[in-house]
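Reading through the structure tokens given below for one structure.
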Amino acid sequence: MTLAIGCVAEPTAKYLDQAERLLQSWRWFAGRYANADFHVCVVGDVAVRDRGRYEKYGAHVRGVSRFSARHAASNKLRFLELAEARDAERVVLLDCDTIVVQEPEELFQGEPLIAKMADVATVPTAVLHRIFAEFGVPPPPASCRCTVSDEPTIPYFNAGVLSFSSRAVKELVPEWIRCNRMLIERIDMLEERQGFCEQASLSVAVAVTGTPFTALDNRLNFPAHFQDRPVTSPLGQTDPTIIHYHWLVDDQGRLQGSPYPNVNRRIEAFNDRVAAERRV
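So for the sequence shown, this note's numbering puts the first residue at 1; every next one is plus one.
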């Protein structure tokens, strides 16, 4: 199976460091998939120093143009436009603020789209319904559940971990790009939830194309910023494969610990591996 794994980073130290962590984690912990083609895309030009830090781990590095000045998260779509993504049998798009801590086998077997529902209804169903109406698309039923809050939702995904088959790259991705461009022009419809524009547009694109999907659980996109659930809860018992750590990094660049033992063990293993790498 030909694979293309990738992320898109803003050209600032924060995001460039995140991309390096993600790449390192993939090479160290992704098991049978550790040597898959990995593409680090940077918005704008890539500095020589940054190119070197990624090429050290065998990544393909390139600059990409900005997708939108109004919505930075939409820049991630640039990876999906690469020829390597169009030609692959399975494409995985990851947010830079994620790390892989176990072999992510579930990303490579399932429906054309493999993704996790949003942790919570960051775009409420009522707002999604208005967006669907604006696009002239009947909204699907709220037959899914948010993975942390357990709220009912239409198929509305966290776009931090997405896996596409070649069919989805050819059919779903162009529609997602089209819908996202249109929604950016109407971004006020999202009210105070404008940061989730690309997630809302993905919901529309999935409905328009009728793309089948496999819904992941929290193991494959663990929301590390939710720390108020009991240790005995399903979230607290999760042994993650991919950790979405968001802003939880200390001043030394180490990932901050978790109150959940399984998660903390994986974070410590990653931090220890980074420390060992720096000592070499």
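Glycine included, each C-beta is placed from N, C-alpha and C at the ideal position.
Bear in mind that the values here come from a model prediction, so they are computed numbers and not experimental data.
- Boundaries of the alpha helix (DSSP H) harbouring ASN271: 261 to 279, taken from the DSSP string.
- In the displayed model, CYS179 falls within a helix according to three-state DSSP.
- By the neighbour-count criterion, in which a residue is buried when 16 or more other Cβ atoms sit within 10 angstroms of its Cβ, ASP97 is buried.
- Taking the Cα of THR122 as reference, the smallest distance to any Cα among GLU134, PHE157, GLU111 is reached at PHE157.
- Of the candidates GLN237, VAL127, PRO240, SER203, the residue whose Cα lies closest to the Cα of GLU192 is VAL127.
- Rounded to the nearest whole angstrom, the CA to CA distance from ALA69 to PRO212 is 31 Å.
- Here the alpha carbon of PHE164 sits roughly 14 Å from the alpha carbon of PRO104.
- Under the criterion of beta carbons closer than 8 Å, ALA142 and PRO152 qualify as touching, at roughly 4 Å.
- GLN227 has its alpha-carbon roughly 7 Å from the corresponding atom of PRO259.
- Where VAL204 is concerned, there is no enclosing beta strand (DSSP E), although the alpha helix (DSSP H) around it starts and stops at 197 to 209.
- When secondary structure is reduced to three states using DSSP, LYS116 falls in the strand class.
- If you compare the alpha carbons of ASN264, VAL206, CYS144, ARG49 with that of LEU16, the shortest gap goes to ARG49.
- Between GLU106 and LEU235, the CB-CB gap reaches or exceeds 8 Å.
- One thing to note: LEU77 has its Cβ within 8 Å of the Cβ of ILE177.
- The three-state secondary structure of HIS60, taken from DSSP, is strand.
- The beta carbon of ILE5 sits closer than 6 Å to those of ALA36, PHE38, VAL92, all from its chain and outside the five residues before and after it, given in chain order.
- The beta carbon of VAL8 lies closer than 6 Å to those of CYS41, ASN75, LYS76, ARG78, PHE79 in the same chain, with the five residues before and after it left out.
- Check the Cα spacing between LEU248 and each of TYR54, TYR33, ILE99, TRP26: the tightest is with ILE99.
- C-alpha of GLU268 to C-alpha of SER201: approximately 36 Å in a straight line.
- Restricting attention to PRO230, HIS246, ILE131, HIS225, the CA atom closest to the CA of ILE187 is found in ILE131.
- Here the alpha carbons of TYR57 and THR2 stand approximately 19 Å from one another.
- For ASP217 and ARG51, the gap between their C-alpha atoms comes out near 34 Å.
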